[in-house]
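Position 448 of the sequence shown, counting from 1, maps to 997 under my numbering, and the rest follow consecutively.
Note that beta-carbon positions come from the ideal geometry of N, C-alpha and C, so glycine has one too.
In what follows, a single structure is set out as structure tokens and then discussed.
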Amino acid sequence: MKHKYTFSKLCLILVLVFFGSSHFLWAQDTKTISGTVTSFSDGSALPGVTIRVKGTTQGTTTDFNGVYQIRVEEGDTLIFSFVGFTPEEVVVADQSEIDIQLMEDIETLAEVVVVGYGTQRKSDLTGAVSAITEEDFVEGFVSSPAQLITGKVAGVQITSSGGAPGSGSQIRIRGGASLNASNDPLIVVDGVPLNNATIAGASNPLSFINPEDIQAINVLKDASATAIYGSRASNGVILITTKDGKAGEKLSVTFSSSHSISVPTDQIEVLTADEYRNAVNTYGTEAQKAMLGTASTDWQDLIYRNAYSTDNNLSVSGSVESVPYRVSLGYLNQDGILLTSNFQRTSAALTVSPTFLDEHLDVDINVRGVLTNSQFADQGAVGSAIAMDPTQPVYMDSEIFGGYFQWEEAPGDFNDNATINPLSMLELKDDYGQVLRSIGNIQFDYEFHNIPDLRANLNLGYDVTESEGEVVLPATYPTAVITNGRISPYAQSKMNKLLDFYLNYTSDLEEINSRIDATAGYSYQSFSGEDPDFAETDITGEPIDGAAAGLTSFPQNNLISFFGRATYVYNERYLLTATVRRDGSSRFSEENRWGTFPSLALAWRVNEENFLVDSDVVSTFKLRVSYGVTGQQDVFGDFPYLARYTFSDIRAQYQFGDTFYTMYRPEAYDPNIKWEETTTYNAGMDFGFFEERITGSLDYYTKQTEDLLSDVPVAAGTNFSNRILTNVGNIESEGIEAVLNFYAINNERFSWEVGLNGSYNDITITNLSRVDNANTTGIPVGGVSGGTGNTVQIHTEGFSPYTFFVYKQVYDENGTPIEGLFADLNGDGEISELDRYRYQAPNANFYYGISSQFAFEDWSLSFVARGNTGNYLYNNINSLNANYANFAQPGYLRNVTRNVLETNFQDPSETVLLSDYYVENGSFLRMDNINLGYNFGRVANDRLSLRMNVNVQNVFVLTNYTGLDPEIAGGIDNNIYPRPRTYALGLHLGF
């Protein structure tokens, strides 16, 4: 089933063509240039101006007095750039001092920020928008775009799904806004909104974007900023802008190579072989004692390894006859610390930006393709390594189970209830996936010849995915259902097509001291796919139990939209932004298909008032308020309002003769299902002091989501299932976000920049019924291992989503939990379900990030730390394994965690499993990243620039949580792939 793709080879040929048509210009004499950068308008010094040697990564910044110093070569071009000013370029000749006066950029007035369907001046923003550029990205071994901004943005919480190579992250902007519909933000790459749905053969939909190709990431948080995306914006929007070439740029070649070693940081504490023998001899029966082995095996040590990874990227950019271009190639090979896990990514990207019609028509072409190969390790081996008897050997003489020791019910017959040898789970199972994905667009931007203030923009985009894979279990794999092996193939294709068209009118109305920026447009996006159903076969290719393949399904849904936005600025002080979008989704019936999503925002640039305009202290002070409505239509299935039939699974096939046929079954549905709607209010301020040496923002927001798309139980016989997805209930959240950035030191030799951000978010379910004042217990969620059908979380009115629903543990005078003894909370004299109570929730109330960057001459040092306060976790590892009854299994033994030495628990009853003793405070401070770099400048006879850096990721974690990691999305700790500590060495070359 594996295909051999060659598009990466074609891209390599393309790069060689560029090389063959260009030549290098070698610099000559090296010397030091110094000078002062001032403002043309008033002659004031400009601190923080970036001075860069064109075509290289070499650069510096001006100090607080506007003074700079940089080593260059004759013939180099220096680029002076500063927010709100027009960049200047100067060719170095024989001078030793270059003083520059920068002119205020009247066209941009401040940096331009991508906001969706165009850009806006940062000074004109009325919404809550965070813009992170390449200079501020997290450095180190970064394999996914989300890692670039982890800990950098207030209100954005990024929790990795674990330490598996290529794994994704849970991204939450202001806590999300739904219960059962998606809480993921909308992600837009170069104007193409992506589908958040999972991709077969891949663990992370964002792993297909090479971080090295990203120039900026903008996060839209409040409804004023997000309403332009309407029905998909209730969870915020992340706009990713990739790198491109610049007009007039000379040939620039950059190469980066990063090599890393990832190591396990810790293990679950279980009894050693000797401790286990002592425990079994103390608490076990004679039969159990007889099953003890003579080995001393550290099963966790066996399944983990030190993992090597490498990430290499080559890019070529420049301009051919005034046509900018950029070509890039990347190759990532990442091993995981869990044996057999591996992720490989080959990426290629091309951007070309020609102009036509006397520069009235700009054309931007972006094409990127990625081929990924994933080898998935069975994460069930993590739990097996914890539970496997440490007195047993790894291997045995028999080849029945591939030579691995396994518990047997009879000679040669695996005990299907027993713990599987964790090493065999990894080395015998082959689980691979291969995905080819391409994302691209062509954008035409036409400035009307006779109306230069009017532009027309047409954006045609696509996102296509082809994936396939297999899970192969050999005949020696130790389960009762595997007699001659099993091959489970799969394949999938997805197509996302986009057409956006809008008109934009921007004009300065000088006679009334005003400016207007208006946009109106139309959008069409279609999502389609193909999901064939393959029959499972044995290793000889024979269908298992006569099973036949099912039919291929073709999921599809469409979205049609009309949108408009208008920004009015009066006297550079008073700003008004109004937005409206009307969406129609094929996921809802004709009666509920269309939704309207408006927003309105006001802002006041106080620093432009007469009493502050000449202030030496206040450089920026803006007040903002906004209101808006956004929607949610990212639900399970494409037609939840229709009566429909779907294929049954292999266990529900019907036999005719020797053939098994896949049957159709009716699905539960609600014909009146409709949009979720989230109403957001936001009040904020942006500030800057001492010529932007200190900058920051403060925001307060509230969100109310109505008509929640919830999966709720329904009365038997009222539908085709006992649960249904429908609109039930409301949810509210409020929060505060704060950002503070400042230059503690900034001079020609040493600079120190500090960034702080913190977010408080409180979310509450306010209604969970269609009946007013309904007396409902809630909706059980959060399934755990142990027992049958146990859940430890619940959705209840008046509480946070996923609140833990447990018994209150009683302790003795020494603080030791008394097994099976819980508080009788309702006072009826017995312990029952009525005594369970709602205790804490997994979502942190407060989360924060701290970053710092030091630069001393050619040295640089930076770090990023972040933390959570008030997040709680259910330790399912201990609740399942910390009891001596693990010995009392039929025909096999299970190890126990060391927590049993504290509790002395004997019996894993379901009530013990639901004790609040296992709900722990997971608050933490994590040092995410430390990076040390050195810039060697020009080397190799001045032919190239060289920079090296060493980096450590996941440096340490400070927490009271007793498990391996306090950062787990969903709040239930069980079989999580551990996050490793990674040591990386990076090399950056510029030609």
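Setting aside the 5 residues that flank it on each side, S1409 is surrounded in the same chain by G1482, each with a C-beta closer than 6 Å to its C-beta; the list follows chain order.
Closest by C-alpha distance to F1436, out of T635, L841, D850 and A746, is L841. With a beta-carbon spacing of about 5 Å, T1531 and S809 fall inside the 8 Å limit used to define contacts. Listed in chain order, the beta strand (DSSP E) runs fully inside the region 974 to 1050 are 979 to 996 and 1003 to 1022, counting runs of at least 3 residues. Scanning its chain for C-beta atoms nearer than 7 Å, with the 5 sequence neighbours on each side dropped, one finds around V691 the residues L697 and P760, in chain order. Within the DSSP secondary-structure output, I1517 pairs in no beta bridge. With respect to the 8 Å criterion, G704 and E1225 are not classified as neighbours on the basis of their beta carbons. Sequence-distant partners of W956 (beyond 5 residues in either direction) whose C-beta falls short of 6 Å from its own C-beta, in its chain, are N964, A967 and Y1441. Per the DSSP secondary-structure output, R1487 pairs in a beta bridge with S1494.
The region 1109 to 1119 and the region 1183 to 1198 do not touch, with fewer than 3 CB-CB distances between them shorter than 8 Å. Rounded to the nearest angstrom, the Cβ distance from G779 to F1146 is 4 Å, consistent with a contact under 8 Å. Relative to the Cα of G1335, the nearest Cα in the group N1427, N1417, V1021 and G1304 belongs to N1427. Less than 8 Å divides the Cβ of S583 from the Cβ of E646. Residue environment analysis places P939 among the buried positions, since at least 16 neighbouring C-beta atoms fall within 10 angstroms of its C-beta. Per the coordinates, the alpha-carbon of D913 lies some 12 Å from the alpha-carbon of K795. Selection Y874, I852, Y880 and E870 evaluated against N861 yields Y880 as nearest (Cα-Cα). Around the CB of N753, 16 or more other CB atoms lie within 10 Å, so the residue is classed as buried.
Three or more Cβ pairs closer than 8 Å define a contact, and the region 1291 to 1311 falls short of that threshold against the region 1213 to 1229. With a contact defined as Cβ atoms closer than 8 Å, L1429 and G1520 miss out at about 16 Å. Between H1537 and S805, the C-beta spacing is below 8 Å. Straight-line measurement puts the Cα of I1294 at about 13 Å from the Cα of G615. The continuous stretches of alpha helix (DSSP H) do not include Y1356, and DSSP gives it neither H nor E. Residue pairing of H808 in beta bridges, as defined by DSSP: T859 and L1534.
Separation of the CB atoms of L728 and I1243 is rounded to 40 Å, and the pair is thereby denied contact status at 8 Å. DSSP places E1451 inside the alpha helix (DSSP H), whose first and last residues are V1449 to T1452. For W956, there is no enclosing alpha helix (DSSP H), as DSSP gives it neither H nor E.
DSSP places V1155 in the helix class (H, G or I) of the three-state scheme. Residues of the same chain with a CB within less than 7 Å of the CB of T1086, apart from the 5 flanking positions on each side, are I1036, P1092 and I1093 in chain order. Taken in chain order, the complete beta strand (DSSP E) segments of 3 or more residues contained in the region 618 to 681 are 626 to 630, 637 to 640, 649 to 651, 661 to 663 and 668 to 670.
Straight through space, the alpha carbons of A1040 and T1211 are spaced by roughly 18 Å. When DSSP reads this structure, N1375 sits in no beta bridge, so it has no partner.
Listed in chain order, the non-local C-beta contacts of T1128 below 6 Å within the same chain comprise A776, I777, R1114 and S1148, local neighbours out to five positions each way being set aside.
The alpha-carbon of S1282 is positioned some 22 Å away from that of E1516. DSSP lists R1064 as the beta-bridge partner residues of D1057. Per DSSP, A926 lies in no beta strand (DSSP E) and is assigned neither H nor E. Contact check for S679 against S1175 fails: the beta carbons are separated by 8 Å or more.
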